[in-house]
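First up is the structure itself, then whatever we jot down about it.
In this note's numbering, the protein residues as written are 395 to 511.
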């Protein structure tokens, strides 16, 4: 469900995605009819940067967790070296759903214990 009139923040973010090299002054001039200020542009840029950094750090954490898997010797070496993007995306989604890497590791440890019974 989309809004007819997007917020100033959304307008700024859309403009920055379309024009990534735009300066704050350029964005303010382009969106002045919507009442956008330099502060709005700065806040939107910070928000976009924060969102991008968060995504990259989550992906790196999942890759590190997979690389440090405790039962790597039980897996076929070829299969271990061929991790697809689909698997990585699923792992990232799993970590987000359960609330973090620490929680995901706890749940996987419980599953391992159950499988050993």
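Beta carbons are placed, not taken as given, at the ideal position from N, Cα and C, and that holds for glycine.
For clarity, every value in this text was computed on a predicted model and none was experimentally measured.
* Asked: If we count Cβ pairs, one from each stretch, closer than 8 Å, do we get three or more for the region 422-430 versus the region 402-410?
  -> Result yes; three or more Cβ-Cβ pairs closer than 8 Å.
* To do: Mark residue 485 as exposed unless 16 or more other C-beta atoms lie within 10 angstroms of its C-beta, in which case mark it buried.
  => Residue numbering aside, residue 485 sits at position 91 when the chain shown is read from its first letter. Its Cβ being crowded by 16 or more others within 10 Å, residue 485 is buried.
* If you count every other CB in all the chains shown that lies within 10 Å of the CB of residue 420, and 16 or more means buried, which is it? -> By one-based count along the chain shown, residue 420 stands at place 26. Counting C-beta atoms within 10 angstroms of its own C-beta, residue 420 has fewer than 16 neighbours from the protein chains shown and is therefore classed as exposed.
* Would you tell me roughly how many angstroms separate the C-alpha atoms of residue 423 and residue 441, rounded to the nearest one? => In the chain shown, the residue the question calls residue 423 occupies position 29. In the chain shown, the residue the question calls residue 441 occupies position 47. Their backbone Cα atoms lie some 20 Å apart in a straight line.
* Asked: Is DSSP giving residue 432 helix, strand or coil here?
  -> By one-based count along the chain shown, residue 432 stands at place 38. Note: residue 432 maps to helix in three-state DSSP.
* Asked: Is residue 439 near residue 482, with beta carbons less than 8 Å apart?
  -> Along the chain shown, read from residue 1 onward, the residue named residue 439 stands at position 45. Along the chain shown, read from residue 1 onward, the residue named residue 482 stands at position 88. Cβ atoms of residue 439 and residue 482: not closer than 8 Å.
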